[in-house]
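K.L.:
Heads up, the sequence shown is in the UniProt record's numbering, so the first residue is 1 and it goes up one at a time.
My questions will all concern the structure given below.
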Amino acid sequence: MIVPVGHVEPVARRIRGYVAGHPVFDTVRARYVWLWPGYPQYCVPSEDIVEGALADEGRSLALRVGGARRQTLRMGSLTRPGAAWEWAGDAPSGIVGHVTFRWEAIDAWFEEDEQVFVHPRNPYTRVDALRSGRGVRVMLDGTVLADAPYSVMVLETGLPTRYYLDRSYLDWTRMRRTGTVTSCPYKGRTSGYWAVRTDRATYPDIAWSYDVPAREVTPIAGLVAFHNERVDLCLDGQPLPRPAPVSRAIWEREHR
1 MIVPVGHVEP
11 VARRIRGYVA
21 GHPVFDTVRA
31 RYVWLWPGYP
41 QYCVPSEDIV
51 EGALADEGRS
61 LALRVGGARR
71 QTLRMGSLTR
81 PGAAWEWAGD
91 APSGIVGHVT
101 FRWEAIDAWF
111 EEDEQVFVHP
121 RNPYTRVDAL
131 RSGRGVRVML
141 DGTVLADAPY
151 SVMVLETGLP
161 TRYYLDRSYL
171 DWTRMRRTGT
181 VTSCPYKGRT
191 SGYWAVRTDR
201 ATYPDIAWSY
211 DVPAREVTPI
221 AGLVAFHNER
231 VDLCLDGQPL
241 PRPAPVSRAI
251 WEREHR
């Protein structure tokens, strides 16, 4: 990763958080801090948090980059213990007096006027959606699930290349829609997941689609991708090795 754990830098975006439709904080002075290599956390100046929204629980925390005080979030009749922590004096100097919220404690996060899902976007992660004229065949247990003359390739830092295919090239007799919905900070919220049935078995949630993806990957709108790790792919007639399963932390970043 480009930056080490403990690195702090300014967030060049307006950051807002809402609970039950009410603003909790609104700041243009947030900072990033990396508690682990994959992505940062927001640190919000205490002055930019709604007055009375946080109550100190009298508990100290020892976190990877310094100490903090645990906070309860209170908004009207709603109470969320352990929703945040305020960084103490032994934390990196740029975030002392700032507050970091647990992601799940805030109902809706915004960078400027766009909602962000799962966790803050890493400013050092790149996501490209490239149209490609190389054919893609998808197989499982010897069954052809898709055979497309072109795709949109999504190349995202730290993840295997994903191949998004036009629906007209899929064998829908093998596909069954499930109720799964996941979110990604870089691509948005999925609009569909599908299980796949072969002559041997049924495999849950092996393909997905974004009908309204994030602006950066608009070429994938309405297309369908398969988990490279769980199917057999051929690109331009050449078999691709299945990538090693991604770590749980990275999987959650991509599908949550």
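We put the beta carbon where it would ideally sit given N, CA and C, even for glycine.
(1) Does DSSP classify Asp113 as helix, strand or coil?
(2) Can you tell me whether Met147 is helix, strand or coil according to DSSP?
(3) Considering Cα atoms alone, identify which of Ala91, Cys234 and Arg13 is closest to Leu63.
(4) What residue range is occupied by the uninterrupted beta strand (DSSP E) comprising Gly17?
(5) With DSSP as the reference, label Ala105 as helix, strand or coil.
(6) In three-state terms, what does DSSP make of Tyr42?
(7) Could you check the C-alpha separation between Glu114 and Arg189 for me, to the nearest Å?
(8) Should the segment 212 to 225 be called in touch with the segment 195 to 204, which here means at least 3 C-beta pairs below 8 Å?
(9) How is Trp172 classed by DSSP in three states: helix, strand or coil?
(10) Given Asp205, which residues of its chain have a CB within under 7 Å of its CB, disregarding the five upstream and five downstream residues?
(11) Of the residues Phe25, Asn122 and Arg215, which one's Cα is nearest the Cα of Ser46?
(12) What residue from Phe226, Val11 and Arg215 has the CA that sits closest to Ser209's CA?
(13) Based on Cα-Cα distance, which residue from Arg126, Met153, Asp211 and Trp103 lies nearest to Val136?
(14) Could you tell me the alpha carbon to alpha carbon distance between Pro213 and Thr157, rounded to whole angstroms?
(15) Look up Pro245 in the DSSP assignment and say whether it is helix, strand or coil.
(16) State buried or exposed for Leu170, treating a residue as buried only when at least 16 other CB atoms are found within 10 Å of its CB.
(17) Look up residue 257 in the DSSP assignment and say whether it is helix, strand or coil.
(18) Please classify Gln71 as buried or exposed, where buried requires at least 16 neighbouring CB atoms within 10 angstroms.
(19) Kindly list the residues whose CB is nearer than 8 Å to the CB of Arg102, restricted to its own chain and excluding five residues on each side of it in sequence; keep chain order.
(20) Please report the distance separating the alpha-carbon of Met139 from that of Ser191.
P.N.:
Straight from the coordinates:
(1) Locating residue 113 in the sequence shown gives position 113, where the first residue counts as 1. Note: Asp113 maps to coil in three-state DSSP.
(2) As a working mapping, residue 147 is identified with position 147 in the sequence shown. Reading the sequence as shown, one finds Asp at residue 147 and not Met. Note: Asp147 maps to strand in three-state DSSP.
(3) Taking the sequence shown and counting its residues from 1, one reaches residue 63 at position 63. Minimum Cα distance to Leu63 is reached at Ala91.
(4) For the purposes of this step, residue 17 is identified with residue 17 of the sequence shown, where counting begins at 1. It spans Ile15 to Val19 - the beta strand (DSSP E) in which Gly17 sits, taken as one unbroken run.
(5) The residue labelled residue 105 in the question sits at position 105 within the sequence shown. Here Ala105 sits in helix by DSSP.
(6) Start at 1 with the first residue of the sequence shown, and residue 42 comes out as number 42. DSSP, reduced to helix, strand and coil, places Tyr42 within a strand of the structure shown.
(7) Counting from 1 along the sequence shown, the entry for residue 114 is found at position 114. Counting from 1 along the sequence shown, the entry for residue 189 is found at position 189. Straight-line spacing of the CA atoms in Glu114 and Arg189 works out to 13 Å.
(8) Between the segment 212 to 225 and the segment 195 to 204 there are fewer than three C-beta pairs closer than 8 Å, too few to call the two in contact.
(9) Against the sequence shown, residue 172 aligns to sequence position 172. Looking at Trp172 - three-state DSSP - the assignment turns out to be helix.
(10) Here residue 205 corresponds to residue number 205 of the sequence shown, with the count starting at 1. Within the same chain, Asp205 has close Cβ partners Thr178, Thr180, Tyr193 and Ala195.
(11) As a first step, residue 46 is located in the sequence shown; it is residue number 46 there, counting from the start. The shortest C-alpha separation from Ser46 is found at Phe25.
(12) If you number the sequence shown from 1, residue 209 lands on position 209. Nearest of Phe226, Val11 and Arg215 to Ser209, Cα basis: Phe226.
(13) Taking the first residue of the sequence shown as 1, we reach residue 136 at position 136. Ranking Arg126, Met153, Asp211 and Trp103 by Cα distance to Val136 puts Met153 first.
(14) Start at 1 with the first residue of the sequence shown, and residue 213 comes out as number 213. Start at 1 with the first residue of the sequence shown, and residue 157 comes out as number 157. Distance from the CA of Pro213 to the CA of Thr157, rounded to the nearest whole angstrom, comes to 18 Å.
(15) For the purposes of this step, residue 245 is taken as residue 245 along the sequence shown, with counting starting at 1. In the displayed model, Pro245 falls within coil according to three-state DSSP, outside both helix and strand.
(16) As a working note, residue 170 is residue 170 in the sequence shown. Counting Cβ neighbours within 10 Å, Leu170 comes out buried, since at least 16 surround it.
(17) Lying before the first or after the last residue shown, residue 257 is absent from the chain, which here runs from 1 to 256.
(18) Position 71 of the sequence shown, counting from 1, holds the residue named residue 71. Buried is the call here.
(19) Counting from one through the sequence shown, the residue named residue 102 turns up at place 102. Taken in chain order, the residues that qualify are Gly82, Ala83 and Ala84.
(20) Taking the sequence shown and counting its residues from 1, the one referred to as residue 139 is at position 139. Taking the sequence shown and counting its residues from 1, the one referred to as residue 191 is at position 191. Cα-Cα distance, rounded: 23 Å.
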